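Quick notes on the structure that follows.
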Amino acid sequence: MQINRLFEIVHLLMNQKRITANDLASHFEVSKRTILRDIDTLTTAGIPIYTTQGKGGGIFIQDNFVLNKTLVSEEEQKQILFSLQSMSATEFIDTEQVLGRLRSFFASPSKEWVEVDFSRWGHSEVDNAKFELLKNAIIHEFAVAFDYLSPYGEYKGREVYPLKLSFKSKAWYLQSFCLAEQDYRVFKFTRINNMVVLDQSFNSGDYEIPPMKSVEEAAPPDFIHVRLFISQNAKYRIYDEFAESDITVNEDGSFTLRTALGQWIYDYILSYGTAVEVVEPQYMRDELLAHVEKIKNKYLPRT
1451 MQINRLFEIV HLLMNQKRIT ANDLASHFEV SKRTILRDID TLTTAGIPIY TTQGKGGGIF
1511 IQDNFVLNKT LVSEEEQKQI LFSLQSMSAT EFIDTEQVLG RLRSFFASPS KEWVEVDFSR
1571 WGHSEVDNAK FELLKNAIIH EFAVAFDYLS PYGEYKGREV YPLKLSFKSK AWYLQSFCLA
1631 EQDYRVFKFT RINNMVVLDQ SFNSGDYEIP PMKSVEEAAP PDFIHVRLFI SQNAKYRIYD
1691 EFAESDITVN EDGSFTLRTA LGQWIYDYIL SYGTAVEVVE PQYMRDELLA HVEKIKNKYL
1751 PRT
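When we follow the working numbering, the leftmost residue of the sequence shown carries the number 1451, and every step to the right adds one.
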């Protein structure tokens, strides 16, 4: 495509300073006449390119020329470079090559001040492979099948049209259209296992993704609404795992948490150890005592 070749010619001239028409023709596998027409097109567009004849001659671009003088502001340059650095996590494009070219055009120094890595500690290889598979299925519009871990600890097979990967509240989610239920469904990335791409295409334009809902809005009837007292030494956890609107700071520095949790709630609360107390509902306090009794029995002397 001519526009790509023109872009590449300017890039080569900015980095090599001088190049011959024959070298450019060989590089792009086109005729010398085509290259000369490209040079005319660039000069007509205002790019300061000139040629000289004889020994040491060739095609040149004016010293200190940078693309930002004709196209984008300094702030827009920063936004473009930042966006490309952020996209490096997806590996969808060769960001190093693109960043290198744009830095040359913008006369911007190499400064990698941000790095995005969506994978969990200790799970990089698995998470990256799963992310790549889902990303490609979304881009190329193919259905996927996987096993999904429910809040009840059970795996259930799913077949969906993957529509979008969304990062929300410190976690990735797959927004999709479920083939079995013929409805939109959201799946937490870390609970998806044994995923494969199916030989079944779809048209993403036929689907309008609904907005993701909060836990309270999406909570099924069997979610339990709880009120917890949590001590100061667990502060880092509650701010990591819950919305600030769910948290009240008490006068003594402890916290009151009001939220809705699933059937895994007992194991979750026990993971706080002595830093948590269930205030309500009462039946949960009774149930936790039963759990604690079972745990205690595991550590009694064996007879």
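We put the CB at the ideal spot given by N, CA and C, even for glycine. The structure presented is a predicted model; accordingly, all values stated were derived computationally and were not measured.
query: Count the other CB atoms, across all protein chains shown, that sit within 10 Å of the CB of K1519; report buried if there are 16 or more and exposed otherwise.; result: At K1519 the pLDDT is 43, less than 50, meaning the model places this residue with poor confidence and gives no usable figure here.
query: According to the Cβ coordinates, are N1643 and D1690 closer than 8 Å?; result: no
query: Reducing DSSP to helix, strand and coil, say where S1651 ends up.; result: strand
query: Hey, how far is the Cα of D1736 from the Cα of K1744?; result: 13 Å
query: DSSP state of Y1718, grouped into three classes?; result: helix
query: Let's see if you can read the secondary structure: which residues bound the alpha helix (DSSP H) around K1606?; result: From DSSP, K1606 is part of no alpha helix (DSSP H) but of the beta strand (DSSP E) over 1605 to 1618.
query: Going by DSSP, name the residue or residues bridged to Q1625.; result: K1614, V1636
query: If distances are taken between C-alpha atoms only, which option among F1617, C1628, F1581 comes closest to G1607?; result: C1628
query: According to the neighbour-count rule (16 or more other Cβ atoms, all chains shown, within 10 Å of its Cβ), is Y1611 buried or exposed?; result: buried
query: Can you have a look at F1587 and say buried or exposed, based on whether 16 or more other CB atoms are within 10 angstroms of its CB?; result: Looking at the sequence shown, residue 1587 is not Phe but Ala. Its Cβ being crowded by 16 or more others within 10 Å, A1587 is buried.
query: Express the C-alpha separation of S1574 and R1687 in angstroms, rounding to a whole number.; result: 23 Å
query: Which one or two residues does DSSP pair with T1599 in a beta bridge?; result: This sequence places Leu at residue 1599; Thr is not what is there. Y1605, per the DSSP bridge assignment.
query: Contact between the segment 1576 to 1585 and the segment 1633 to 1647: three or more CB pairs below 8 Å?; result: yes
query: Could you tell me the distance, in whole angstroms, from the CA atom of M1464 to the CA atom of I1511?; result: 7 Å
query: Could you check which residue in H1461, L1492, G1496, A1471 has the C-alpha nearest to that of G1507?; result: A1471
query: Take I1589 as the anchor and find which of S1600, Y1634, E1609, G1655 has the nearest alpha-carbon.; result: G1655
query: Find the nearest neighbour of S1681 within the set N1747, D1696, A1693, N1700, judged by alpha-carbon distance.; result: N1700
query: Exposed or buried, which one is I1543 when buried takes at least 16 other CB atoms within 10 Å?; result: Caution is warranted here: a pLDDT of 45 is assigned to I1543, below 50, making its placement in the model unreliable, and no coordinate value can be reported.
query: Within 10 angstroms of its Cβ, does D1488 collect 16 or more other Cβ (buried), or is it exposed?; result: buried
query: Quick one: Cα of V1742 to Cα of G1723, how far?; result: 11 Å
query: Of the residues L1738, L1707, R1708, which one's Cα is nearest the Cα of W1714?; result: L1738
query: Based on Cα-Cα distance, which residue from K1505, F1673, E1591 lies nearest to Q1650?; result: E1591
query: Given this structure, state the Cα-to-Cα distance separating W1622 from I1469, to the nearest angstrom.; result: 48 Å
query: Are L1613 and I1659 touching if we call contact CB-CB under 8 Å?; result: yes
query: So the candidates are Q1625, H1675, K1467; which of them puts its Cα closest to the Cα of E1415?; result: Because the chain in this structure spans residues 1451 to 1753, residue 1415 falls outside the shown range and cannot be described.
query: Taking DSSP's pairing of strands, which residues face L1711 in a bridge?; result: I1674
query: Might you give, ordered along the chain, the residues of its own chain that have their beta carbon closer than 6 Å to the beta carbon of F1478, omitting 5 neighbours on each side?; result: R1455
query: Within a Cβ cutoff of 7 Å, which residues of the same chain sit near F1673, ignoring the five residues on either side of it in sequence?; result: A1710, L1711, G1712
query: Rounded to whole angstroms, what's the CA-CA distance from G1732 to D1717? Just pull it up for me.; result: The sequence as given places Gln at residue 1732; Gly does not occur at that position. Distance between the alpha carbons of Q1732 and D1717: 17 Å.
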